[in-house]
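Residue numbers (the UniProt record's numbering), protein chains in the order written: chain E, 1 to 272; chain S, 1 to 321. Here a beta-carbon is modelled for each residue, glycine too, at the ideal position from N, C-alpha and C. Computed from a predicted structure; not experimentally measured. Right, one structure below, let's go through it.
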């Protein structure tokens, strides 16, 4: 019962943010670039949550920010999955020196913080949302590649693979019929965790001024802009942070719930 | 053991050489000529050529690389294009902020996470065990810079106990002042770090609690404490140590965001400035020193793991993850 509760809570939290993003595509309280409000107004009145230092509506900014957060998470994870799973599969099948080189390279790459690799890649391109997504996705693909390689090697060592191979099944068919079905539960859980990390990484990049440029309202940049006026206008410095936490917790709970549902060996642990 | 040490050291050196090649190639792929940092807008082609010549960016890449490696071998990290100051002393000065910051945050995080993770696993059926798991779940979702902002408001702006940011101009000559400016950044990093550590410690402890050897030991008459002390601790610490190594390494550089919140002159902010100004020697120098640190930490973690777990002694690199 508790298993489904974890998954369910996670889906509700992440789903709420997704709903906000969806609504923001069709309706916003104010125009995103409307600076007609009183600067740094508190909550209430014509602006439900107040305004920022340029007189923009906070709720509008938060709503458009949800799109950036979700795009960062989805985009990065898509890149990490595509590059990482492919590279991991190839390395696991290649074996020999190619496998050794790839895994040594991944070990070095993984030792570096995602954010740092992302900063390097962003500085090589320009500071845009696309750069941030590509950068975070590529940095994370090293982690996904290493996990995939380990998982695939474990499957390939099984007797049924040898049996399947002896009976003349081609490698692509083995991947489709045996490898992918065996590794996807673990991969799905890891990708969900990477989603949360990607959202946080994008917020950090934006906080450092290396994410989506103005007038895009990234939650990270909103926090950076509101830092100086935290005591006078706390809403602007609290709301984006709270939404970030809700989204990341939601996605992490989905990951936990998936792990418990997909991996029977771990069930007895979490149902305590 | 000596044989292992030699092989592991060789692995360290090869990794370092590989990493510096990757570093060098990656940096050359950045667009824009570094000479642009030296010349004003609208400089004549001759002036740009002269600037390129003065920093050596007109020479072929392999030659630039061997030149850089040669400098490194003599402990010279090069000269900044922007400030014309040597990079080495600058890095050392930044390390005097980043190393104490990282190490104390790391120690504090371990002091919080190890007991908390153990309790979260051992007492998982109690309300406080569940609470600990919940708090760590919350902690890994909190952006580190936001936590820093909140701590500044509460403890610096409202309570006025600690400075809200910055570091004394003359560094550690006034230790009390230097320590005061590091308290909030250290707590910020430690809290976020311990949130994820608690989960690893909890999971390692659960593996031990579920294990047959612990049950056997209990059946043979040991008390829970004795069984844990004799069999549990060693087994649980092996995976945790490899995570600790990775966390320590990533905090060393990952401190960049926290350094930015608290306006600390650390290694991360040096790197951020270097990246913004396309200052290759600075970026290269910082990344090389960090790579060295990352590899040394991995080396140390492997040695400790082997000392603890004899089963790892047949393998070259003991990463449990």
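Cβ contact annotation for residue 85 (chain E) (same chain, cutoff 6 Å, sequence separation greater than five): 148, in chain order. The beta carbon of residue 145 (chain S) falls within 8 Å of a beta carbon belonging to chain E, placing the residue at that interface. Under the three-state reduction of DSSP output, residue 113 (chain E) falls in the coil class, being neither helix nor strand.
Beyond the five residues adjoining it in sequence on each side, residue 116 (chain S) comes within less than 8 Å, by CB distance, of 132, 136, 194, 198 and 201 in the same chain, given in chain order. By the rule that beta-carbons nearer than 8 Å mark a contact, residue 43 (chain E) does not touch chain S.
Using beta-carbon distances, residue 211 (chain E) does not count as an interface residue toward chain S, since no partner is under 8 Å. The Cβ-Cβ distance between residue 136 (chain E) and residue 118 (chain E) falls below 8 Å. In the DSSP assignment, residue 148 (chain S) falls within the alpha helix (DSSP H) that extends over 144–151.
With contacts defined as CB atoms closer than 8 Å, residue 272 (chain S) and residue 256 (chain S) qualify as a contacting pair. Secondary structure of residue 174 (chain S) (DSSP, three-state): coil. Beyond the five residues adjoining it in sequence on each side, residue 36 (chain E) comes within less than 6 Å, by CB distance, of no other residue in the same chain. Residues of chain S whose Cβ lies closer than 9 Å to the Cβ of residue 252 (chain E) are, in chain order, 137, 140 and 141. Spatial neighbours of residue 115 (chain E) in its own chain (CB-CB distance under 6 Å, excluding positions within 5 residues in sequence) are listed in chain order as 201 and 204. The alpha helix (DSSP H) runs of length 4 or more contained entirely in the segment 152–179 of chain E are, from start to end of the chain, 159–166 and 171–174. Beyond the five residues adjoining it in sequence on each side, residue 270 (chain S) comes within less than 8 Å, by CB distance, of 90, 91, 94, 282 and 286 in the same chain, given in chain order. Rounded to whole angstroms, the Cβ separation of residue 204 (chain S) and residue 252 (chain E) is 19 Å, and the two are not in contact under 8 Å.
With a 10 Å radius around the Cβ and a threshold of 16 neighbouring Cβ atoms, residue 301 (chain S) comes out buried. Interface with chain S (8 Å Cβ-Cβ cutoff): residue 115 (chain E) is included. Judged by beta-carbon spacing, residue 233 (chain E) lies beyond the 8 Å limit of residue 129 (chain E), meaning their Cβ atoms are not closer than that value.
The segment 240–258 of chain E and the segment 9–23 of chain E touch, with no fewer than 3 CB-CB distances between them shorter than 8 Å.
Ranked by Cα distance from residue 194 (chain E), the options E:21, E:74 and E:53 are led by E:74.
In this structure, residue 24 (chain E) places its C-beta atom within 8 Å of the C-beta atom of residue 67 (chain E). For residue 236 (chain E), no CB of chain S lies under 8 Å from its own CB, so it is not counted at the interface with that chain. The residue from S:64, S:2 and S:5 with its alpha-carbon nearest to that of residue 284 (chain S) is S:64. In terms of Cα proximity to residue 131 (chain E), the closest of E:255, E:257, E:71 and E:29 is E:71. Around residue 119 (chain E), the beta-carbon contacts reaching into chain S at under 8 Å are 256, 271, 272 and 275. A contact is defined here as three or more CB-CB pairs under 8 Å, and the segment 165–172 of chain E fails this definition with respect to the segment 94–112 of chain E. At a cut-off of 8 Å, the C-beta of residue 227 (chain E) has a neighbouring C-beta in chain S. Of E:51, E:46 and E:60, the smallest CA-CA separation from residue 22 (chain E) is found for E:60. Burial state of residue 213 (chain S) is exposed, judged by a 10 Å Cβ sphere holding fewer than 16 other Cβ atoms.
Distance from the CA of residue 64 (chain E) to the CA of residue 120 (chain E), rounded to the nearest whole angstrom, comes to 27 Å.
The beta-carbon distance between residue 244 (chain E) and residue 189 (chain E), rounded to whole angstroms, is 21 Å. This is too long to meet the 8 Å contact definition. Below 8 Å, enough C-beta pairs join the segment 179–187 of chain S and the segment 141–160 of chain S to call them touching: three or more. Proximity of residue 183 (chain E) to chain S, defined by a Cβ-Cβ separation below 8 Å, is not satisfied. In the same chain as residue 294 (chain S), and ignoring 5 residues on each side of it, the C-beta atoms closer than 7 Å to its own belong to 249, in chain order. The DSSP assignment places 233–254, 256–261 and 267–276 as complete runs of the alpha helix (DSSP H) inside the segment 227–303 of chain S, in order along the chain (cut-off: 4 residues).
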